[in-house]
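Engineer: Heads up: the sequence lines are chains F and G, in that order.
Following my numbering, the numbering of the first sequence begins with 6 at its first residue and continues without gaps.
Following my numbering, the numbering of the second sequence begins with 6 at its first residue and continues without gaps.
Pasting a structure below so you can have a look.
2 protein chains.
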Amino acid sequence: MDAFSSTLLIVAGGSLLALGYAAMKTRWIFRQAADNPKLVKIGGFVAEGAMAFLTREYKVLIPFVLVVAAFLAVANQGVLRWQAFAFVVGAAASALAGFIGMKVATAANTRTTHAAQGGLIPALKVAFTGGSVMGMSVVGLSMLGFCILFFLGRQFFGSSLEVLDGQILPVVTGFSLGASSMALFARVGGGIFTKAADVGADLVGKVEAGIPEDDHRNPATIADNVGDNVGDVAGMGADLFESYVGSIIGAMVLGVSVVGSDAFRLRLVVFPLLLAVAGIVAAMIGVAFVRVKEGQSPQSALNKGTFGAAAVAALFSFLLCHFFLGGGKAVSSLSVFFASVLGMVAGTLIGMITEYYTGTDTKPVNKIVSACETGAATTLITGMGVGMASAFIPIVIIVAAILSSFALAGLYGIAIAALGMLMTLGVQLAVDAYGPIADNAGGLAEMAEFPPEVRDITDELDAVGNTTAAIGKGFAIGSAALTAIILFTAFQQQVGVGIINLMDPKVVSGVLLGAVLPYLFSSMAMNAVGEAAFAMIKEVRRQFREKPGILKETEEPDYKKCVDISTAAALKGMIIPGVVAVLTPVLVGFIGGPTMLAGTLIGVTASGVVLAIFMSNAGGAWDNAKKMIEGGASQGKGSEAHKAAVVGDTVGDPFKDTAGPSLNILLKLMAIISLVIAPMLKNYWGL
Amino acid sequence: MDAFSSTLLIVAGGSLLALGYAAMKTRWIFRQAADNPKLVKIGGFVAEGAMAFLTREYKVLIPFVLVVAAFLAVANQGVLRWQAFAFVVGAAASALAGFIGMKVATAANTRTTHAAQGGLIPALKVAFTGGSVMGMSVVGLSMLGFCILFFLGRQFFGSSLEVLDGQILPVVTGFSLGASSMALFARVGGGIFTKAADVGADLVGKVEAGIPEDDHRNPATIADNVGDNVGDVAGMGADLFESYVGSIIGAMVLGVSVVGSDAFRLRLVVFPLLLAVAGIVAAMIGVAFVRVKEGQSPQSALNKGTFGAAAVAALFSFLLCHFFLGGGKAVSSLSVFFASVLGMVAGTLIGMITEYYTGTDTKPVNKIVSACETGAATTLITGMGVGMASAFIPIVIIVAAILSSFALAGLYGIAIAALGMLMTLGVQLAVDAYGPIADNAGGLAEMAEFPPEVRDITDELDAVGNTTAAIGKGFAIGSAALTAIILFTAFQQQVGVGIINLMDPKVVSGVLLGAVLPYLFSSMAMNAVGEAAFAMIKEVRRQFREKPGILKETEEPDYKKCVDISTAAALKGMIIPGVVAVLTPVLVGFIGGPTMLAGTLIGVTASGVVLAIFMSNAGGAWDNAKKMIEGGASQGKGSEAHKAAVVGDTVGDPFKDTAGPSLNILLKLMAIISLVIAPMLKNYWGL
């Protein structure tokens, strides 16, 4: 059996392993108790709202997917028409992962609240297990998608390197495009949904009606809790699904162009798939490491999981490089191993820097806390200064990773580094998705009027969730940057332009144009949040006015209407940014040409990554500055400093949860669209 | 006589014309009356403070200039050692222009207040005449500098094209570097000075002590008025001096590489100088157009000046192209003419877009006004959305200008477009510098307790000044972008790297690194403002506490101490950003190599231009939203909406007056440093 065929078997095995694990954990979650009737009822509203959003989102998505698939089938020629099929598989796989993740997360939240009655340890276990389903579903379904497509490709086209390079891989880029399209909907739409609900609920509830956060009388509060799932579970999952798939395909494409024997090159091409499967096993081991003992902090338990998984992954990578790649000439197996480790190290370092700039009681956040004492204006100026400064080191790390992995193993090395950053995605995503589950559990405890001790435990879990969320965002941005650069390189190879010269004013113009797009995109996303929040405020005011019994608890608020408003706003708000992201590469490519498009891709990547880091970290820092003041720092809760901190946090919300993360999608989506249309551009421009 | 020598005579004539005009107008200003003793006294404090700042600034500048000059003399070889001399001339010329401009502006302010007693027309005349001295000094001194250097170059080296290309022009880039260094000090230092004083004066005066803006009892109020001169007169002047000189030298360097006969190429090389002289004459005609009749608005008078000058400049450009360049082959004279007009049109369009996004009662600013009604957070989110969206069209305009002027006349065409944008700098800068003079006149009227009618007139002048300031910033950014791109192109030609391939990870890394620098730079500038404002607040509180007589008007506040604090903060605050701007190209060039440096330059330009437009326009829009509410829009002065607008304006201040404009300097300075070290890099890397 050739290397390609045996790899497919292993990929199938890895996929089944991950999915089986997810199924087992799902069963476990649903078996946990959640018997308080009020909790069950309110939890039911959240689960229902989340499904309502997904259903409406998929209703918009299906026609979109069909139109794009039809376009791919018509605009392409020959074998490439099959891109349409791969595209549908990609969108479906990502959508299914989101669906499973949300379903389990909205079941795990009530069960976490219930478990919190028994203490921190059982609550952590439920919340993290819920998160691990999301993580394993994402890696399992992406492997399943690859498996199906490569298997069909092998059956119909063959399994030689030539066929892989010329036919199968170009078709499979459609899979990545499908994942990207889904990510656009989930991340941008989810980001708008969650912040519209959050800002709307806070402004009317806390400020106008004077009722606490997460009070069940507030009609927008269910939408707020739904938003955490929509934005942080489904949105983050789709984002990283895309990066994962994109970096694997990018690495496979770049493997073809390494100089060496055909047999060796074939190994390089399938190697990323094997590395991913090894990562799945490492992630499972990591998940098993997450155990908290009495007296230990949940953070250290989670850290054990991610670092443990990384150590195991590094070991696996070494073994794979040594035994599977060993003996290659142009690229030494050890270099590939080091490149994969470089990616892991870079991702971890970016996460640590993110924690420094946004964590509790760090120097930059303390500076914001002091600035709160002189009012909202200084809070904002200082926070933006912190956010801007925070972008520098991560960029230096990314640059160092690019240059060193290139020095080790050429362009292929960069691709392996990108994949290395995401190798243990299963556990990374489990940690990410744990956050919103814990957050939801706290909200449910409040709404279902559980005793304060329960809320204390969920608060402790939630506080850890904020840090992991910030680190997760750093990871998501870092991997998006590397993935975009790999896809860009793959684009250049596919389009057949040997040199993209910065001396050419077209290229420079492309870079300038690319640099402004993240700003346009962010502006649109933030506007959508503003408008949706305003609609939400009007609706909540209407309910309070027309049903005075709500505040007296004699009438039930209409939660569904608020979920509807956020849903409609999210779906409406993502149309124009989506159109910009999709059409820009097409227009620039066909009007300005492939070199100008290459410039645009680099411009959007460089400017977008920096802007995303700035926005995410400024938002995270404001959030924790507010939390510190609420926890007693500076003048404490209710003071003038606290009011200033609330303004900072409210500005930071759309920064860190809507605009910032949406930029990851923008740059990857533009790169993958360019890669997909590369054969058409090659044809059109006669290259 | 050869084309070079005759051009030098014309340049000398243009320079003397501009400087003679400035001298005449200066004499006129000093002859105007300002006899109110209180006005004279307070105006004296402002003038004294401004000179105190300049003196201290120059004291820091001189050792810096000497060190850099010594470095240039030592690190260079052969003829290039003369760069050191050119560098000193550039720094001195720019410093002298700043000195003259400030001296006249701080004399014109009191005289404008005095003239305002007689109505709008005489007040406008004094303020604008004051501004025109700055405009004419900048263009006159830059021409004088060129004249001296080229004359010496011709005497020592010769006047052939070969000598110009290989010896004189590389030496004269030192002139541009000198101007850039001065701009760094004036723009960054000035920006920190002015905002530290402004924020400090407002927070203690208006908020804590409850005294009105510009009240003479506030010790920081003089520093605030000094700041307007330091930032908006000297800072803006040095910024545009640098763009002007940079675009002329860049165009000359690029003229050499056009294909054609030696005689024709020599004409192309000296043509930018002739175009600049024609622009001086056009600007003088434009200045003469600025006349306001009873019942007309000052804005339309200023518009007549700028548009009139542009029309005359276009005519001159046509004549020059036709008679001086006519008959060329590779580049048609008509194409060069169109390129120059393209630059003028692009600059004007960017100005108009800026006015739309930041002007009074426009759709975006009205949106901010509405957002003020729901508090500071929505004010900030909406304002940032507006600022981000505002960057898109200007970038499209810049891209269109680059691509069309390149299509017309190659790289030389782009350079001519950049110069076209600055051709009538004399009148553009007059309009810019008019703003702070009018603003100061208003402050002086308040402090010297003139009747409210006088203040009404100065307020009307000041309102116009806000719009012209916003447009001027748009112009400054647009010209900085084009100048940086030209200098970049010139750098590539000098360093001898034929191709800078975006496929090379070094280049991509350079772009990423470049993209983050504007954020780092902005963060440092904003931090410096925050720290300085805090020091100012402490000092004002101390004076109020230790001299209780100040508020009762029995004791005189210590204005000088506040000026000192702002000065010290400004000089301290610009050191690290300055070091970053200066060292980055050197380090990247010698460690990463010329291709990585090229990537860095494009990254810093693309990211910096977009960030600068975002910051300047968000700041301008917040400022005018606040002014609209103070003028009765929304809930009016003193309302909750007004408080929210004040927060927006305070955040916008360092955006638009410190960080945003400083970025112009960052990208030009890095480009010019790269151009200066290009021969060393060529040598070092053996290219």
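Every residue gets a Cβ at the ideal spot worked out from N, C-alpha and C, and that includes glycine.
(1) Which bits of chain F does G/Glu-562 rub up against, with CB to CB less than 7 Å?
(2) Let me know the secondary structure DSSP gives F/Asn-223 once reduced to three states.
(3) Quick one: which chain G residues come within Cβ less than 7 Å of F/Phe-2?
(4) Would the segment 444-453 of chain G and the segment 414-426 of chain G be scored as touching if the rule is three or more Cβ pairs under 8 Å?
(5) In the DSSP assignment, find the unbroken alpha helix (DSSP H) run with G/Phe-342 in it and report its ends.
(6) With a CB to CB cut of under 6 Å and the five nearest residues on each side skipped, what residues in its chain are close to F/Pro-399?
(7) Locate the alpha helix (DSSP H) running through G/Asn-371, then write down its first and last residues.
(8) Who are the near neighbours of F/Val-295 in its chain, counting only those whose CB is closer than 7 Å to its CB and skipping five residues on each side?
(9) In the DSSP assignment, what are the bridge partners of G/Asn-506?
(10) Per the contact definition of three or more C-beta pairs closer than 8 Å, is the segment 460-475 of chain F in contact with the segment 337-345 of chain F?
(11) Check distances from the C-beta atoms of the segment 397-415 of chain F to those of chain G and list, in chain order, the residues that come in under 8 Å.
(12) Which runs of the alpha helix (DSSP H) fall wholly inside the segment 70-140 of chain F and span at least 4 residues, in chain order?
(13) Tell me the rounded alpha-carbon separation between G/Gly-83 and G/Ile-490.
(14) Say whether the segment 72-88 of chain G touches the segment 251-269 of chain G, bearing in mind that this needs 3 or more beta-carbon pairs closer than 8 Å, one atom from each stretch.
(15) Between which two residues does the alpha helix (DSSP H) containing F/Glu-451 stretch?
(16) Is the beta carbon of F/Gly-388 less than 8 Å from the beta carbon of F/Ala-623?
(17) Assign G/Lys-130 to one of two classes, buried (16 or more other C-beta atoms within 10 Å of its C-beta) or exposed (fewer than that).
(18) Quick one: does F/Asn-308 have its CB under 8 Å from some CB of chain G?
(19) For a contact defined as C-beta to C-beta under 7 Å, what are the partners of G/Thr-387 on chain F?
(20) Between F/Leu-692, F/Val-545, F/Glu-560, F/Ala-8, which has its C-alpha nearest F/Leu-271's C-alpha?
(21) Verify the CB distance criterion: does G/Met-508 have a CB-CB separation below 8 Å to chain F?
(22) With H, G and I counted as helix, E and B as strand and the rest as coil, what does DSSP make of F/Pro-457?
(23) Taking G/Ala-382 as the query, report the chain F residues whose CB atoms sit under 7 Å from its CB, ordered along the chain.
(24) How long is the line joining the alpha carbons of G/Val-51 and F/Leu-208, rounded to whole angstroms?
(25) Going by beta-carbon coordinates alone, are F/Thr-589 and F/Met-685 separated by less than 8 Å?
(26) Which bits of chain G does F/Ala-344 rub up against, with CB to CB less than 9 Å?
(27) Starting from G/Val-521, find everything on chain F with Cβ-Cβ shorter than 7 Å and list it in chain order.
(28) With a threshold of 8 Å between beta-carbons, can G/Gln-304 be considered close to chain F, or not?
(29) Taking only the alpha-carbon atoms, compute the straight-line gap between G/Leu-125 and G/Ile-442 and give it to the nearest angstrom.
(30) Could you please give the first and the last residue of the uninterrupted alpha helix (DSSP H) stretch that includes G/Trp-33?
(31) Please state the DSSP three-state secondary structure of G/Thr-559.
(32) Where does the unbroken alpha helix (DSSP H) through G/Thr-663 begin, and where does it stop?
(33) What are the boundary residues of the alpha helix (DSSP H) that includes F/Asn-41?
(34) Look at the alpha carbon of G/Ala-293 and the alpha carbon of G/Ser-99, and state the distance between them as a whole number of angstroms.
(35) Less than 8 Å between CB atoms is the rule here; does G/Val-516 satisfy it with respect to chain F?
Structural biologist: Well, looking at it:
(1) Per the sequence shown, residue 562 of chain G should be read as Pro rather than Glu. Near G/Pro-562 there are no residues of chain F at all, since even the closest Cβ is about 22 Å away, more than 7 Å.
(2) coil
(3) The requested residue 2 of chain F does not occur in the structure, where chain F is confined to residues 6 to 692.
(4) no
(5) 338-363
(6) Ile-355, Ile-358, Ile-618
(7) 368-377
(8) Phe-133, Ala-306, Leu-307, Lys-309, Gly-310
(9) F/Asn-506
(10) no
(11) Phe-397, Ile-400, Val-401, Ile-403, Val-404, Ile-407, Leu-408, Phe-411
(12) 88-121
(13) 28 Å
(14) no
(15) 430-452
(16) yes
(17) buried
(18) no
(19) Gly-535
(20) F/Ala-8
(21) yes
(22) helix
(23) Val-652, Thr-655, Val-656
(24) 46 Å
(25) no
(26) Near F/Ala-344 there are no residues of chain G at all, since even the closest Cβ is about 12 Å away, more than 9 Å.
(27) Ala-396, Phe-397, Ile-400, Val-615
(28) no
(29) 14 Å
(30) 8-36
(31) coil
(32) G/Thr-663 -> no alpha helix (DSSP H), and no H or E assigned at all.
(33) Where F/Asn-41 is concerned, there is no enclosing alpha helix (DSSP H), given that its DSSP letter is neither H nor E.
(34) 25 Å
(35) yes
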